[in-house]
Amino acid sequence: MLVGYCRTSSIEQMAGYQAQLRDLKLQGCEKVFSEQVSSVNSNRPELERAIDFARESDVLVVTRLDRLARSVSDLSQIVARLEAKQVGLKILDMNIDTTSPTGRLLMNLVGSIAQFEREIMLARQREGIAKAKAEHKFKGRAPTARRKASQILEMHLAGQGASQIAKIVKVGRSSVYRILAEAA
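Taking our numbering, the leading residue of the sequence shown gets 655, the next gets one more, and so forth.
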C-alpha cells in the first residue's frame, strides 16, 4: 500500500498543500496523512500517525524531502523507523525509492547534501547579519506588538479582555499581557 504524507509550514501555503495532496493521489496513495505545521516543531502528529499506520511492504510517499525531514539526523531517524517496520520511502521530486539498494544510497547522499546546503545558507545569513550590525544597518525584527502598545492599553482601559484585544490588534495574547504588565 502507498501511504502519503504531506506537510506545509503554515496554513498560508494552501497552494503548495493542495499540490502535494494532488500529487500523492495521482501517485496512487490510498491513505494520505496531512498537516500544516513547521518541521522545526518536533511534534508532527500526522507524520507519527502515518509511520504507525504503515505496515510491512508499504511505502511512505512524500512529494519532496523537505516536507519530511529538516536535517540528516531527522531523516535518518525517520528512515530507521521505517526500515525497522520494513516500510519503504519514496520521494517523488527526486525519484528516490528506498525499496532498492540504489534508492537507499541516493537517500543518504541527498540528505547529506540538503543539510550541507542549509548549514551554508545559515552561515551566510549569520555573516550578513554580523556585517549589517557592524554597519549599524541591522535593526532586527520590528517589535509589532510594542508599536501597538497605546492601542492595546486604550482597549484594556475600555474593558476589553486580552484575547479580544489580541484578535483585534492582530498580535499574540502573550504580547498583550506583556504590554499590560509593563504598563502596570
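C-beta atoms are modelled at their ideal positions from N, C-alpha and C, and glycine is treated no differently.
Note that the structure is predicted; figures quoted are calculated from it, not measured.
Coil, strand or helix - residue i by DSSP
i	result
Val657	strand
Glu684	coil
Boundaries (first-last residue) of the alpha helix (DSSP H) holding residue i
i	result
Gly742	Run containing Gly742: none in the alpha helix (DSSP H); it sits in the beta strand (DSSP E), 742 to 745.
Lys785	755 to 788
Ser663	It is not in any alpha helix (DSSP H) - Ser663 carries neither H nor E in the DSSP assignment.
Ala734	726 to 738
Gln818	816 to 823
Ala835	827 to 837
Gln839	Outside the displayed range of the chain (655 to 838) lies residue 839, so it cannot be described from this structure.
Residue i CB to nearest heavy atom of the ligand ADP below 6 Å
i	result
Leu678	Among the ligands in the structure shown, none appear at all, so the ligand ADP cannot be discussed.
Rounded C-alpha distance that separates residue i from residue j
i	j	result
Arg718	Arg801	39 Å
Ser688	Gln779	31 Å
Asp747	Arg721	11 Å
Val830	Ile822	11 Å
Gln681	Arg724	23 Å
Glu781	His810	42 Å
Arg827	Ser817	6 Å
Leu729	Ala669	25 Å
Leu807	Arg795	22 Å
Cys683	Pro699	19 Å
Thr753	Gln805	59 Å
Ile750	Val741	14 Å
Val726	Gln769	6 Å
Gln635	Arg758	Examination of residue 635 is not possible in this model, given that the chain is present from 655 through 838 alone.
Ile819	Ser664	23 Å
Gln814	Thr662	34 Å
Short CB-CB distance (under 7 Å) between residue i and chain D
i	result
Ala673	The chain labelled as chain D is not found in the depicted structure, where only one protein chain is given.
What beta strand (DSSP E) runs, 3 residues minimum, are completely inside the segment 691 to 720? 713 to 716
Pairs of beta-carbons, one from the segment 755 to 769 and one from the segment 783 to 795, closer than 8 Å: are there three or more? no
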